[in-house]
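The structure appears right after this line, and notes come after that.
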Amino acid sequence: MSAPWKNNTSTKPHVICGTCHELIAVVLARFGSSREVKEVDLPEMFPILGRYSVHEVQESGLRGCHICSFISQAVCPAHSERDIRHIPGSQIIIKPNYVYTKPRQANILCMDTLQVQLVDSHGKMVEKDSLLITSAYETYSRDPVPASWSISTGSDASIELAREWLHHCLSHHELCKDINATPVSTNKNTLPAYFVDVESDNPRLCRSKNIPIRPEYLTLSHRWGKSSILQLTTKNLASLLSEIPLSSLPKTFQDAILITRRLGYRYIWIDSLCIIQDSREHWEQESAIMGDVYGHSVCTIAALGATNGDSGCFKSRNPLCFQLCEFELGPGQVVYLMPPRKQGSSPEHTGYGPNVEPLHERAWVIQEWMLSPRTIHYGTFGLFWECATETANDRAPRKIAFTSRPSPKYAVHQACTLPRTGALDHTFLGFWHMWERVVSIYSPCSLTYNTDKLVAINGIVTLIESKAGLHNVAGLWKEYILPELLWTVQPPTQPAGTYQAPTWSWASLNCNVILGVLSSEYTYDGKIDLLDIVVQPAAANGQILYAHIRVRGLLQPVSWAQDEDSDTYELRWGDNIGTKGSTGSRDLVAFLPDIEPDPEKEMWALLVMRAASNTSWMNLGLVLSKKDPEGDIWVRVGAFRQYDFQTETTDFFCDGDAELMELDIV
1 MSAPWKNNTS TKPHVICGTC HELIAVVLAR FGSSREVKEV DLPEMFPILG RYSVHEVQES
61 GLRGCHICSF ISQAVCPAHS ERDIRHIPGS QIIIKPNYVY TKPRQANILC MDTLQVQLVD
121 SHGKMVEKDS LLITSAYETY SRDPVPASWS ISTGSDASIE LAREWLHHCL SHHELCKDIN
181 ATPVSTNKNT LPAYFVDVES DNPRLCRSKN IPIRPEYLTL SHRWGKSSIL QLTTKNLASL
241 LSEIPLSSLP KTFQDAILIT RRLGYRYIWI DSLCIIQDSR EHWEQESAIM GDVYGHSVCT
301 IAALGATNGD SGCFKSRNPL CFQLCEFELG PGQVVYLMPP RKQGSSPEHT GYGPNVEPLH
361 ERAWVIQEWM LSPRTIHYGT FGLFWECATE TANDRAPRKI AFTSRPSPKY AVHQACTLPR
421 TGALDHTFLG FWHMWERVVS IYSPCSLTYN TDKLVAINGI VTLIESKAGL HNVAGLWKEY
481 ILPELLWTVQ PPTQPAGTYQ APTWSWASLN CNVILGVLSS EYTYDGKIDL LDIVVQPAAA
541 NGQILYAHIR VRGLLQPVSW AQDEDSDTYE LRWGDNIGTK GSTGSRDLVA FLPDIEPDPE
601 KEMWALLVMR AASNTSWMNL GLVLSKKDPE GDIWVRVGAF RQYDFQTETT DFFCDGDAEL
661 MELDIV
């Protein structure tokens, strides 16, 4: 059926359908304005207050019922007619949830949420969420603006909100200005060779060297996908310098050009139009300054919700799903129903999963995001603003400063500027936490060519090298190489297939990486000597052909066993079998394999660091095997971790089987 608001610019809040009026009437009749109830038998405490069919609640939400929009978003989201589901026998039921009143009275409960349950034809619950009922408007208010109610993220109200965010940052944020003006690389010329000039109705390509003064420009971060998009080549260069017919561009590019114009700028940089795609030389030249291209742009337009060039930046959604709904529970008592916790995807998530936007599945876009001083994210369900100082979105348009959890942009800045002593102390931990944020965001993302694993993050690495005076070797920081070696993956993953980094680097795998277990509660003591590091680069853009490290340390023969109950792995040595008791574990060593371990392969443990606190200690190291059983070259196959209280001792590396050796690890 057709949704009447589909052609309108916005929705009207706090409007509810007849079925939801009946739901509120049942709530009022049963609980009154106090929402209090004495404890009774469970069937009486949790009555079914309302029933909805799946497709009816989805359609009602799309027609403009605020509460149906909440119910749908909670268990069966629908933001267009394409999302409407006809599931025979399934239904949605609404029940109350309770908390004790404060101060707690004898057996008196207060209904504080409506529980939304999706049940199948057999009555089995398959999905649930809850809607909070509150009278504390100030606590939950998001102060919506016209863009908050816009159906399309391409509305006039949405572009005006984006303009306000950008203007506020340009006028008030000194940190963002400093980051914008800071060179990322050491290259003398950090301007890209080409821009797209959008001044005329039909844009055209222009050479940056022909622009009289250094231009202010925007950048586009997008996902190519499988759609056929216009690309710059040696054959069409002359033609595109004359004119780029707007109709020849994919929708994502057209939307980005419209945004650029409406924000008041003339130039935008788009990779497929500004890098000559059939010239390896030009690609290497431009990719080497990619960090500068995004770092010096005024703002990046991120097509967050676009799967390919045809998807476009702008999306239609039901904004009622994300803003509180008010109604009267009793005479003069206005209460507010909060949106469900299922708020849809956001820019924070990367890699894979239901909350990851299409753009942030891809590795190349992460440095575009992190190095840009400002980003306007055009997501599937809304508009998001992020700069190095603040964040906001069209659901909660008031800007929020970052506190305990730094933004990716701020994390990169801090990694460049935090003071360091060179020791593994609090100054290193400050850097470590910022770098861990970068790697945790980047590592799970996918690449078309795995050999680009280090190339796609080279802009960030180059910036930190130039500003912090550190040296990166195959994705690890040489000055902190010992703790850097102790990254882990959980669970074990698949081998990369093609060479992209040495086995001792997290960049050798394509999965989510955990950098380590460093904590300010411990002091750290290195147990290996780094004798040599050799890295053979393939190009100036970060790609490498080969790398190895030579170390001296204690090597202990080990075997491994799998705990089938917990799906974890343990290391064993000699006749030792770790034990678990009521007071903890005795001589247990956790084995964290990088890939599924081979039972036929011999393994050794290399002790890398020992950590100690007032109450406990840890042994941390690598698990190695020989690349060739008859050779002297070693490869990493995992890491190990041993933890116990200070009152306990261990025979690991102390029973005479450990041997001091020099090893080449590739």
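Here the sequence shown is numbered in full-length UniProt numbering, starting from 1 and rising by one per residue. Beta carbons: idealized from backbone N, C-alpha and C, even for Gly.
Within 8 Å, strictly: CB atoms of residue i and residue j
i, j, result
"V196", "L273", "yes"
"Q269", "Y217", "The amino acid at residue 269 is misidentified as Gln; the sequence shows Trp. Closer than 8 Å, so yes."
"Y410", "A392", "no"
"W634", "I595", "no"
"L320", "A147", "no"
"L49", "S90", "no"
"G379", "P347", "yes"
"L571", "A611", "no"
"L205", "L230", "no"
"R395", "F322", "yes"
"I94", "L28", "no"
"I464", "Q367", "no"
"G516", "E479", "no"
"E662", "L531", "yes"
"F314", "D255", "yes"
"L592", "T488", "yes"
"P250", "N202", "no"
"Y624", "R641", "Checking the displayed sequence, the identity of residue 624 turns out to be Leu instead of Tyr. The answer is no: Cβ separation not under 8 Å."
"A415", "A468", "yes"
"R223", "T307", "yes"
"N576", "D587", "yes"
"N510", "N450", "yes"
"S10", "W149", "yes"
"F653", "L607", "yes"
"N355", "G61", "no"
"I528", "V551", "yes"
"S185", "S443", "no"
Reduced DSSP secondary structure (H/G/I, E/B, other) of residue i
i, result
"P340", "coil"
"M1", "Annotation note: pLDDT 33 at M1 (below 50); position unreliable, coordinate value reported separately. Of the three classes helix, strand and coil, the one that applies to M1 here is coil, per DSSP."
"T462", "helix"
"T19", "helix"
"C445", "coil"
"V535", "strand"
"Y451", "First, the residue type needs correcting, since residue 451 is Thr and not Tyr in the sequence shown. Note: T451 maps to helix in three-state DSSP."
"S72", "helix"
"L359", "helix"
"Y217", "strand"
"Q115", "strand"
"P96", "strand"
"Y524", "strand"
"D664", "strand"
"T375", "strand"
"G621", "strand"
"E427", "Sequence check: residue 427 is Thr here, not Glu. The answer is helix: DSSP assigns T427 an H, G or I state."
"D178", "helix"
Range of the contiguous beta strand (DSSP E) that encloses residue i
i, result
"G309", "No beta strand (DSSP E) contains G309, which DSSP labels as neither H nor E."
"Q556", "544-563"
"A302", "299-302"
"A392", "390-393"
Endpoints, alpha helix (DSSP H) assigned at residue i
i, result
"I366", "364-371"
"I229", "Run containing I229: none; DSSP gives neither H nor E here."
"K409", "408-417"
"G291", "290-295"
"G516", "No alpha helix (DSSP H) contains G516, which DSSP labels as neither H nor E."
"I159", "156-172"
"F314", "Looking at the DSSP string, F314 is not in any alpha helix (DSSP H), and its letter there is neither H nor E."
"R262", "251-262"
"H55", "54-63"
"E284", "280-287"
"C274", "271-274"
Integer Cβ distance of residue i from residue j, believed to fall under 8 Å
i, j, result
"N541", "S287", "5 Å"
"D651", "P557", "Not really, about 14 Å apart at Cβ, beyond 8 Å."
"I301", "I179", "In fact, because the Cβ distance is near 18 Å, the residues do not count as touching under 8 Å."
"G553", "A507", "In fact, because the Cβ distance is near 23 Å, the residues do not count as touching under 8 Å."
"H14", "H79", "No, H14 and H79 are not in contact; Cβ-Cβ is about 20 Å, not under 8 Å."
"S221", "L359", "7 Å"
"I460", "V534", "Not quite, the Cβ-Cβ distance comes to about 23 Å (not below 8 Å), so this is no contact."
Any C-beta of chain C under 8 Å from that of residue i
i, result
"S247", "Of the protein chains in the structure, only one exists, and it is not chain C."
Length at least 3, wholly inside the region 587-617: the beta strand (DSSP E) runs in chain order: 589-593, 603-612
Segments of 3+ residues assigned as beta strand (DSSP E) that fall wholly inside the region 623-653: 633-645, all fully within the region 623-653.
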